[in-house]
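Protein chains in written order, with the numbering used here: chain B, 3 to 304; chain A, 39 to 376. Note that beta-carbon positions come from the ideal geometry of N, C-alpha and C, so glycine has one too. As the structure is a computational prediction, the values presented were derived from the model and not from experiment. The block underneath contains the structure these notes are about, expressed in structure tokens.
Written out as structure tokens, the structure reads:
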């Protein structure tokens, strides 16, 4: 190691390390409190702070059993159907925008046409339309169709009580960012490679399937993780398009309801919250590397 | 006890059937979607001659463009139109909804809170993220620190709100506390700490802490990558010229990562617009903590005044427009350099 670097290492460390440790501990404690509370017996949670657990450890999984299968908030029905809904919403709502955005990004990057640059900027700009603006018109479209005077342009779909409106809304709202990020990646593919394929007589569809998709797997993977977390964690879209029933509503909607009405039952609320965290946390820690790389693709040059 | 567990098992059984049907529907939808795409690709790939290019553009760009128009462009126009209409959008009321938004006291507070959120939460999260990125640079075991600080990013804002609601839980000071913050306050000798969530205007800042907690790790990871991307020669040259510590940071590091700083700030700000989740879960917008995103939701979906709700949505949109404009200008500049 060169002497300059060695000296720098020796000097910069102790205070920085200490500060870093303090902040990291501070950042982790709230989540730890949630986890510890969720495995304590009801009586303990109600009478003493969760940190007492370390002095008098007494653990149980009863809270999880209650929230999953019985409800236990003075309401019938557990969280299990909502957990299933979260999964049933998140997976398609990740696949749909991913595929459509990859296609659009390829067309914008490699099938250049007049106005394709302008179109790219318009799509980028749409990224910042607050979802709140789109909710009411979309809801009206889904429930009543579209009419111009007395002429029906789009008939009303009877989609209420199904996942379809939620999938559609998530797909629509994800497209601007997805197209932007994937375009950055796809546009950087080697020009020689693409031209060679055209010379060989491959159609755009063939190029897309057999060259672009395989080469873009890292970017696709990172966006898939990002979108999955986003959909799983979403409250606003689900609240608007899924209602609050166990047929369609995801975990976030149910948890938000329960916090409002049964805020005092911490042993159940924390167990419920931890159940909603467990899937995204597994995804996050298992695939963290790809996730971070994907985030960086759009923001750090070089 | 046996009867209880038997009924629980039965309940679980029907739940599993229900789950397999629901997940089956999802998988079916994905299979159908991919199947249709493959068919179209196959058919369009056959077509030759001068239609190849237009067909490729239409097939590849068409679905995304259609969804964007239906999902964002039309709603944008329509929301602006609805904002000039009455509560059930049957007649035009001119600017009355905007007048209401700008002259009603309770809405004043909402606008003010939203502004506070949009300024404070992103600045604190980005600033703290930058500080931590500088600290973590060149530390051993930095992956562990980064993962733990970044972790809240994976947690839903609803989940995060429950976590922090528990931290802020307050009880009669004579009783044993179960909320961490009250316990710390009492341990430090504050005999009667307030009921945190109910204390205005303190509660607004306590809610912002949740957003900062979620976003700081993200800012740190991205900024840390940007700092690492600064070529070593530049830092060395500056050091040889006598730049040290803060001067080095101010005149070398910050200019070199300016683009990334702006991107991070923008991203955090856009997330902050969703303070909706936090406010809704923690206070329901009561006790003087209401923000525009949540008020807009209650106007439209609780009080069924679509006109007012739309006007608030337009105001929210106008608030972020400068940000979009600035980003597009930056993006164009970067493209010209390529």
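Run through DSSP, which three-state label would residue i get?
| i | result |
| --- | --- |
| residue 130(A) | strand |
| residue 13(B) | Here the model assigns residue 13(B) a pLDDT of 48, short of 50, so the residue's position is not dependable, and the following value carries that caveat. Here residue 13(B) sits in helix by DSSP. |
| residue 336(A) | helix |
| residue 124(B) | helix |
| residue 123(A) | strand |
| residue 177(A) | coil |
| residue 346(A) | helix |
| residue 247(A) | helix |
| residue 158(A) | helix |
| residue 231(A) | coil |
| residue 313(A) | coil |
| residue 202(B) | coil |
| residue 194(B) | helix |
| residue 247(B) | coil |
| residue 266(B) | coil |
| residue 242(B) | helix |
| residue 41(A) | Low confidence applies here, because residue 41(A) scores a pLDDT of 45, under 50, leaving its location unreliable and the question unanswered by this model. |
| residue 165(B) | coil |
| residue 304(B) | For residue 304(B), the predicted structure reports a pLDDT of 39, less than 50, and the residue's modelled location is therefore unreliable. The matter cannot be settled from this model. |
| residue 237(A) | coil |
| residue 292(B) | helix |
| residue 57(A) | helix |
| residue 61(B) | coil |
| residue 365(A) | helix |
Identify which residue in the options has its Cα closest to the Cα of residue i.
| i | options | result |
| --- | --- | --- |
| residue 102(A) | 41(B), 66(B), 35(B), 102(B) | 102(B) |
| residue 189(A) | 256(A), 66(A), 232(A) | 256(A) |
| residue 305(A) | 327(A), 54(A), 97(A), 362(A) | 362(A) |
| residue 55(B) | 292(B), 62(B), 42(B), 127(B) | 42(B) |
| residue 57(A) | 85(B), 97(B), 216(B), 209(B) | 85(B) |
| residue 200(B) | 182(B), 24(B), 214(B) | 214(B) |
| residue 294(A) | 311(A), 273(A), 282(A) | 273(A) |
| residue 277(A) | 267(A), 290(A), 309(A) | 290(A) |
| residue 173(A) | 292(B), 18(B), 280(B), 282(B) | 18(B) |
| residue 67(B) | 270(B), 206(B), 235(B), 284(B) | 270(B) |
| residue 50(B) | 365(A), 321(A), 208(A), 129(A) | 208(A) |
| residue 149(A) | 320(A), 202(A), 352(A) | 352(A) |
| residue 187(A) | 16(B), 24(B), 284(B), 144(B) | 24(B) |
| residue 202(A) | 333(A), 241(A), 171(A) | 241(A) |
| residue 254(A) | 183(A), 213(A), 236(A) | 183(A) |
| residue 284(A) | 80(A), 169(A), 366(A) | 169(A) |
| residue 97(B) | 286(B), 268(B), 174(B) | 174(B) |
| residue 200(A) | 320(A), 350(A), 51(A) | 320(A) |
| residue 182(B) | 127(B), 131(B), 134(B) | 127(B) |
| residue 180(B) | 192(B), 194(B), 221(B) | 221(B) |
| residue 160(A) | 365(A), 307(A), 368(A) | 307(A) |
Please state if the CB of residue j and the CB of residue i are separated by a distance shorter than 9 angstroms.
| i | j | result |
| --- | --- | --- |
| residue 241(B) | residue 81(B) | no |
| residue 167(A) | residue 261(A) | yes |
| residue 113(A) | residue 138(B) | yes |
| residue 121(A) | residue 348(A) | yes |
| residue 331(A) | residue 356(A) | no |
| residue 99(A) | residue 105(B) | yes |
| residue 152(A) | residue 303(A) | no |
| residue 194(A) | residue 236(B) | yes |
| residue 165(B) | residue 223(B) | no |
| residue 47(B) | residue 95(A) | no |
Taking the continuous alpha helix (DSSP H) assigned at residue i, which residues delimit it?
| i | result |
| --- | --- |
| residue 99(B) | 82-112 |
| residue 101(A) | 90-106 |
| residue 46(B) | 44-49 |
| residue 110(A) | It is not in any alpha helix (DSSP H) - residue 110(A) carries neither H nor E in the DSSP assignment. |
| residue 52(B) | Element bounds for residue 52(B): n/a, residue is neither H nor E. |
| residue 210(A) | It is not in any alpha helix (DSSP H) - residue 210(A) carries neither H nor E in the DSSP assignment. |
| residue 191(A) | Residue 191(A) -> no alpha helix (DSSP H), and no H or E assigned at all. |
| residue 277(A) | 270-278 |
| residue 229(B) | 219-235 |
| residue 199(A) | 195-205 |
| residue 144(B) | 133-146 |
Rounded to the nearest angstrom, how far is the Cβ of residue i from that of residue j, given a contact under 8 angstroms?
| i | j | result |
| --- | --- | --- |
| residue 36(B) | residue 192(A) | Actually they are not in contact, since the Cβ atoms of residue 36(B) and residue 192(A) sit about 14 angstroms apart, beyond 8 angstroms. |
| residue 244(A) | residue 251(A) | Not confirmed; about 11 angstroms, so no contact. |
| residue 87(B) | residue 273(B) | About 18 angstroms separates the two Cβ atoms, so there is no contact after all. |
| residue 239(A) | residue 326(A) | 7 angstroms |
| residue 254(B) | residue 196(A) | 5 angstroms |
| residue 129(B) | residue 99(B) | Rounded, the Cβ-Cβ distance is 13 angstroms, inconsistent with contact. |
| residue 125(A) | residue 342(A) | 7 angstroms |
| residue 339(A) | residue 238(B) | Actually they do not touch by this definition, with Cβ atoms about 11 angstroms apart. |
Practice prompt. Quick one: which residues of the segment 213-237 of chain A get their C-beta closer than 7 angstroms to a C-beta of chain C? List them in chain order.
Written response: Among the chains of the structure shown, chain C does not appear; the protein chains present are B and A.
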